[in-house]
Amino acid sequence: MKTKVFKSVMPVFVMLMAVGLAFATERIVVERDAYYNIPGTTNWEHTTVGDECFTGGANACSFLGQQLYAAPDFNSMKLMKP
Amino acid sequence: MFSLLFILLFVYAAVSKLLDFKTFETQIGQSSLLSGFFDWVPWGVITSEIVAALLLAFTKTRLLGLYLSLTLMLLFTVYITMILYFSADIPCSCGGVLEALGWKGHLIFNGFFIVIALLGILIQRKQEYNFN
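Each protein sequence line maps, in turn, to chains L and C. Heads up: the first sequence runs through residues 1 to 82, numbered per the working numbering. Heads up: the second sequence runs through residues 83 to 214, numbered per the working numbering.
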């Protein structure tokens, strides 16, 4: 009897724990627009990146192998992260 | 025990995706592999994860839940392998802290859960056989 109750209560307990964990590890990310040039053209596409790409650093923020910029212009800020 | 691990994983992943649905949708949209299925993939993934967790919660449907879990893990693994080959720059749309794993870490993580699913299926089938 005890085992039966345990077996039916455990999945519910684990589900509640998973929901709690999901809320506890929810991150607040500010998404910002970033731009990349389509190689061999003057066309630009945009994507979204987290705030860390606007802090600067040693690592380039890239998308599909292309350097990301703050605006659709090679003279705009190159997006880098720590 | 194995099914509890899957319940934890699927409910956590589904709720994390729902909490940040816009990001999840954007990340799926960025994937050239899934761009043709953009309309239904985000909801399809979340629904499959919740259905799998519910099937695993009940003894009568546990084996079916384990088969669905194995199928999902294999599908995710095929997707990750293709991403690693074609477009590793795309962020992982895994939900919650699982995003921190990166693609290669995620591949190992999935391998572990595939083994867990196979073991779970073997044990569950044996239990059902003995019961009958």
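Backbone N, C-alpha and C fix where the C-beta goes; we use that ideal spot for every residue, glycine too. All values derive from a computational prediction rather than experimental measurement.
Measure the alpha-carbon distance for ILE190 (chain C) versus ASN37 (chain L) and round it to whole angstroms. 34 Å
Residues of chain L with a CB under 8 Å from the CB of VAL97 (chain C): which are they? ALA18, VAL19, ALA22, PHE23
At least one CB of chain L closer than 8 Å to the CB of ALA135 (chain C): is that the case? yes
How would you list, in chain order, the residues of chain C whose beta-carbon sits under 7 Å from the beta-carbon of THR48 (chain L)? THR108
From the DSSP secondary-structure annotation, give me the bridge partner or partners of MET77 (chain L). According to DSSP, MET77 (chain L) bridges with nothing at all.
Would you kindly check if the distance between the Cβ of ARG32 (chain L) and the Cβ of PHE54 (chain L) is under 8 Å? Yes, the pair counts as a contact, with Cβ atoms nearer than the cut-off.
Does LEU46 (chain C) get closer than 8 Å to chain L when you measure Cβ to Cβ? Residue coverage of chain C in this structure runs from 83 to 214, which leaves residue 46 (chain C) outside it and unanswerable.
If TYR69 (chain L) and ALA34 (chain L) are in contact, beta carbons under 8 Å, what's the gap, nearest whole angstrom? 7 Å
Hey, which unbroken runs of the beta strand (DSSP E) at 3 residues or more fall wholly within the segment 34-71 of chain L? 44-49
Contiguous alpha helix (DSSP H) assignments of at least 4 residues, all confined to the segment 115-172 of chain C: 123-139, 144-168
Taking the straight line between their C-alpha atoms, what separation do you get for ALA135 (chain C) and ALA58 (chain L)? If you draw a straight line from the Cα of ALA135 (chain C) to the Cα of ALA58 (chain L), it is about 42 Å long.
Bridge partners for ARG32 (chain L) per DSSP, in chain order? DSSP lists L:VAL49 as partners of ARG32 (chain L).
Identify the continuous alpha helix (DSSP H) that holds LEU183 (chain C) and give its terminal residues. Element bounds for LEU183 (chain C): n/a, residue is neither H nor E.
Among C:LEU200, C:THR105, C:PHE88, C:PHE168, which one has its Cα closest to the Cα of VAL49 (chain L)? C:THR105
As a quick exercise: from C:VAL133, C:ILE128, C:VAL93, pick the residue whose alpha carbon is nearest that of ILE110 (chain C). C:ILE128
Close beta carbons around GLY147 (chain C), own chain, < 6 Å, minus the five adjacent residues each side: In the same chain as GLY147 (chain C), and ignoring 5 residues on each side of it, the C-beta atoms closer than 6 Å to its own belong to ALA134, LEU137, LEU138, in chain order.
Let me know if TYR167 (chain C) comes out buried or exposed under the rule of 16 or more other beta-carbons within 10 Å of its beta-carbon. exposed
Look at the alpha carbon of MET17 (chain L) and the alpha carbon of SER98 (chain C), and state the distance between them as a whole number of angstroms. 13 Å
Quick check on GLU210 (chain C): does DSSP put it in helix, strand or coil? In the three-state reduction of the DSSP assignment, GLU210 (chain C) falls in the helix class, which pools H, G and I.
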